[in-house]
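In full-length UniProt numbering, the protein residues as written are 1 to 535.
These notes are about the structure you will find just below.
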């Protein structure tokens, strides 16, 4: 007979042996400590998240089974140097500095405990030093686990430094809220507490984790590895999450969409794509003086209208260095993309896709889909110059009075300009200069400002700007890029009076330097990085 691991559980007495049979699941009031762990995300908000940097050591994924469907973990154990750097960054923002009121030697766990206790009318007699600190660890997670029921089981994982003290502490936390053994359960083993709705589920999850943990699962390792270095928050969705979400959507909205063929068709398409889901992961971390979110997911998308090419960054990186904001994308249209785009619209309107195409061709004077593919080129970028004056929009009589705004399209310049001529002719002057364009060498600049169009056609060096490179990764082969010079945008808002008479808003935006988002594909994996830097 194979030896089974023993666990400290919430029933008291001898260690429990995980049962092998499932009992009907019941709704129970969540255990107070579980609410506290989840509540730290609400109470602390971005403040506590920004506190931590990279860390190493045991992770909650080691205490969960490979059948975990979704997982979010928080790490409050950064190294000393990273902790200091986080504080330096946070203290640039007056509001966060006042709210945190923390030093490098302070216990963040105690700060969170105090905030939760302030918000609760229960457990006022609990003392952090006596009842919590002796056993509470630095790592936490919330997970959805396939435990054999009709729906995933919610499980909270808490790192503990002393198993026996943790059992006593969790019991006191439950009892102080007037709870009973019916109000949640836990199993503690090897430095981790698993907390769930009932003892049978918790014991079963713990036993399954002992046979094979999430940390050792190949899918988990693949996707979390693709999401880059460890951070303060880690997130993971298993391939089975797609099927679970598809089932949830069908069960929850099936009756609502069943009587509407259009909505039913859209839901069917969405659920089919969810069933093809192969997994994803994301990490939040500090890096190079800023905060970043990196995500990785399967690049395939059944029935996609287009797939992103690696030319998306070209139009953006060649913009003028004084660009304040830009969005660029590279497109590779898939066969039949127009039908996939128009079919749900046609069903909703009660007409055929052919009727919609005919109407669009007549109104716009273009041939579909070929003219749209030509017009967008292989890469295009929407750009706003740092000298753009948003206050001028109030007095502008039309697009012709707007300066410092334009679009740069890379492709066959003559063909692109030819499509624009068709649209301008169909508009009959109604575009008021918005579609004015200048062709260049493999590029077309579109917009109402002729001076800015000329700047867009030049081979600019935004891609070499230090501020741009800090927030935009893989700029040369990105499929999509969003870039914002926050200093410039803050200046616009301040000049326009958007902050009113409250100087605190401007003071708390002033430390921000730039924001960037970049997406690229590598080995059938789509990567996205969102970064915010401070000056």
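Glycine residues also receive a C-beta, built at the ideal position from the N, C-alpha and C atoms.
Note that the coordinates shown come from a computational prediction; the quantities given were computed from them, not determined experimentally.
C-alpha gap between residue i and residue j, whole angstroms
i, j, result
"residue 231", "residue 484", "24 Å"
"residue 424", "residue 248", "47 Å"
"residue 68", "residue 203", "15 Å"
"residue 488", "residue 437", "26 Å"
"residue 522", "residue 229", "17 Å"
"residue 110", "residue 318", "50 Å"
"residue 392", "residue 491", "14 Å"
"residue 48", "residue 112", "Model confidence at residue 48 stands at a pLDDT of 39, short of 50, so the residue's coordinates are unreliable and nothing is read from them."
"residue 286", "residue 233", "11 Å"
"residue 136", "residue 378", "54 Å"
"residue 478", "residue 146", "37 Å"
"residue 416", "residue 398", "24 Å"
"residue 27", "residue 185", "Any reading at residue 27 is ruled out, since the residue's pLDDT is 42, under 50, leaving its predicted position unreliable."
"residue 312", "residue 189", "50 Å"
"residue 284", "residue 223", "14 Å"
"residue 422", "residue 364", "7 Å"
"residue 395", "residue 402", "10 Å"
"residue 243", "residue 212", "22 Å"
"residue 274", "residue 439", "43 Å"
"residue 316", "residue 371", "23 Å"
"residue 245", "residue 465", "42 Å"
"residue 241", "residue 251", "15 Å"
"residue 61", "residue 441", "54 Å"
"residue 219", "residue 239", "8 Å"
Residue i burial status per 10 Å Cβ neighbour count (16 or more: buried)
i, result
"residue 462", "buried"
"residue 349", "exposed"
"residue 450", "exposed"
"residue 404", "buried"
"residue 345", "exposed"
"residue 352", "exposed"
"residue 214", "buried"
"residue 159", "buried"
"residue 70", "buried"
"residue 526", "buried"
"residue 321", "exposed"
"residue 271", "buried"
"residue 455", "buried"
"residue 459", "exposed"
"residue 57", "exposed"
"residue 124", "exposed"
"residue 537", "A question about residue 537 goes unanswered here, because the residues of the chain that appear run from 1 up to 535."
"residue 32", "Note that residue 32 scores 39 on pLDDT, short of 50, meaning its location in the model is unreliable and no value can be drawn from it."
"residue 151", "exposed"
"residue 237", "buried"
"residue 406", "buried"
"residue 535", "exposed"
Identity of the residue in the options nearest residue i by Cα
i, options, result
"residue 470", "460, 411, 482", "482"
"residue 373", "410, 344, 246, 520", "410"
"residue 293", "513, 322, 472, 76", "472"
"residue 338", "329, 508, 367, 362", "367"
"residue 210", "65, 466, 244", "65"
"residue 170", "148, 151, 195, 114", "195"
"residue 512", "133, 92, 63, 358", "92"
"residue 384", "326, 412, 148, 443", "326"
"residue 295", "333, 328, 225", "225"
"residue 515", "504, 535, 486, 508", "486"
"residue 207", "220, 198, 216, 187", "187"
"residue 130", "166, 432, 220", "166"
"residue 217", "361, 314, 63", "63"
"residue 475", "277, 200, 520, 227", "520"
"residue 324", "453, 442, 387, 443", "387"
"residue 192", "138, 332, 453, 362", "138"
"residue 431", "278, 448, 418", "448"
"residue 140", "418, 235, 277, 172", "235"
Cβ separation of residue i and residue j, assumed to be a contact under 8 Å, to the nearest whole Å
i, j, result
"residue 408", "residue 381", "5 Å"
"residue 532", "residue 518", "That belief does not hold up - the Cβ atoms of residue 532 and residue 518 are roughly 13 Å apart, past 8 Å."
"residue 280", "residue 297", "4 Å"
"residue 134", "residue 162", "6 Å"
"residue 155", "residue 143", "5 Å"
"residue 445", "residue 457", "5 Å"
"residue 309", "residue 330", "4 Å"
"residue 342", "residue 357", "7 Å"
Bridge partners - residue i, DSSP secondary structure assignment
i, result
"residue 71", "143, 236"
"residue 158", "140, 193"
"residue 454", "Its beta-bridge partners do not exist; DSSP assigns none."
"residue 287", "290"
"residue 390", "Answer is none; residue 390 lacks a bridge partner."
Minimum Cβ-Cβ distance from residue i to chain C less than 8 Å
i, result
"residue 442", "In the displayed structure, chain C is absent; only one protein chain is listed."
Residue i CB to nearest heavy atom of the ligand MG below 7 Å
i, result
"residue 69", "What this structure holds is no ligand at all, so the ligand MG is not there to describe."
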